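Quick note: the sequence shown uses our numbering, first residue 137, plus one each step. A short write-up of the structure that comes next.
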Amino acid sequence: MRKNFCTLWIRNFTAACLAMVIFTTSSMIALAATPENKSLMGEITVSGQTINGNAPSVMLNGEPVMTGRTFFSAGTIATPENINSTVRIGKLGYVTLTPNTNLNLSFNENTISGTLSAGQIKVSNAEGVNVSIQTNAGLVTNESTLASNFTVNAEKAARQDDDDDADGNSALGPILVFSGIVAAAIIIVLVTRDDDDLIVSPVR
């Protein structure tokens with residue numbers, strides 16, 4: 137009888153502890169999923185080829201991680217040889233690291249900041265987002281009133297703007313030329329057809 141009582145007590149105690157753990161974990165997940173905290177998290181994607189053929193990974197706060205890992209503000213990410221990585225920060229934009237890059241990255245509701253100690257990054261920010269990256273040569277900032285794409289090198293104190301518009305115009309050129317040729321051909325066909333309609337046969 138005493139043995140059954142002890143067994144029942146242990147079982148109830150274990151169930152209560154398990155319920156408490158589940159409740160605590162669920163509360164933490166719900167808190168992390170609130171809109172206020174979503175903007176303070178990023179997601180890591182990793183690409184490239186490794187020497188041993190394994191899935192590519194980067195170092196996050198000294199720990200190897202792969203695509204899909206959550207990135208929290210004030211984290212340090214480092215890319216090895218031949219590996220690129222992108223940290224997507226929701227509506228703020230994203231930061232892409234080239235191989236052999238080391239970046240301490242922070243962000244909040246309207247700011248992306250960090251310290252670039254090695255390598256090179258590409259920053260793409262939404263309109264109204266302030267960007268400031270400290271390099272070995274100085275501080276690099278953006279124009280927060282505009283959405284922008286620019287590259288930052290650890291050994292330079294100035295950003296290099298990516299001229300996306302120029303690429304778009306170069307791609308648009310051949311399309312415009314082709315459209316002009318088609319339009320000219322249509323005009324020639326219409327004019328020729330009108331001339332044929334004006335010819336009157338002498339035989340009635």
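Positions of the beta carbon are idealized from the N, C-alpha and C atoms, including for glycine. Computed from a predicted model, the values in this text were never measured in an experiment.
Among the options, whose alpha-carbon lies nearest the alpha-carbon of residue i?
i	options	result
F208	S284, T237, V182, I225	I225
S193	I248, M177, S280, N218	N218
T247	A262, K258, G255	A262
G230	Q296, A293, T287, I317	Looking at the sequence provided, one finds Tyr at residue 230 rather than Gly. Comparing Cα positions, the closest option is T287.
L187	G204, T212, P216	Going by the sequence as given, residue 187 is Ile instead of Leu. Checked all of G204, T212, P216; the closest Cα to I187 is P216.
T234	S253, K227, G274, T206	S253
T280	G264, E291, K227	Checking the sequence shown, residue 280 turns out to be Ser, not Thr. If we check each option's Cα against that of S280, G264 comes out closest.
V223	N190, Q185, M177, E245	M177
L282	A294, K227, N266, E245	N266
Going by DSSP, what residue range makes up the beta strand (DSSP E) through residue i?
i	result
V194	194-196
L241	238-244
M345	Because the chain spans 137 through 340 in this model, residue 345 falls outside it and cannot be assessed.
G224	The sequence shown places Arg at residue 224, rather than the Gly named in the question. Element bounds for R224: 219-224.
P200	199-201
N285	284-289
A342	This structure does not reach residue 342, given that the chain is present from 137 up to 340, and the question cannot be answered.
I293	Looking at the sequence provided, one finds Ala at residue 293 rather than Ile. Where A293 is concerned, there is no enclosing beta strand (DSSP E), given that its DSSP letter is neither H nor E.
L233	229-233
A210	Careful: A210 lies outside any beta strand (DSSP E) and carries neither H nor E.
T277	275-277
Looking at the structure shown, is residue i part of a helix, part of a strand, or coil, going by DSSP?
i	result
I357	In the structure as shown, the chain starts at 137 and stops at 340, and residue 357 therefore has no counterpart that could be examined.
I257	strand
T150	helix
I187	coil
I322	helix
So, residue i versus residue j, is the Cβ gap smaller than 9 Å?
i	j	result
S260	S249	no
Q256	N285	no
N220	T232	yes
R147	E179	no
T181	A214	no
A273	K292	yes
Once you ignore the five residues that flank residue i on each side, which residues in its own chain have a CB closer than 6 Å to its CB?
i	result
A210	S242
S183	N220
N240	T212, G250, T251
Q270	T251
Please go through the same chain and pick out, in chain order, the residues whose beta-carbon is closer than 7 Å to the beta-carbon of residue i, but skip the five residues on each side of it.
i	result
A307	Note on A307: pLDDT 44, under 50, position unreliable in the model; the coordinate value appears next. Excluding sequence neighbours, A307 sits near nothing in its chain.
Q296	F286, T287
A191	M202
Please return the same chain residues whose Cβ sits closer than 8 Å to the Cβ of residue i, not counting the five positions on each side in sequence.
i	result
P200	S193, V194
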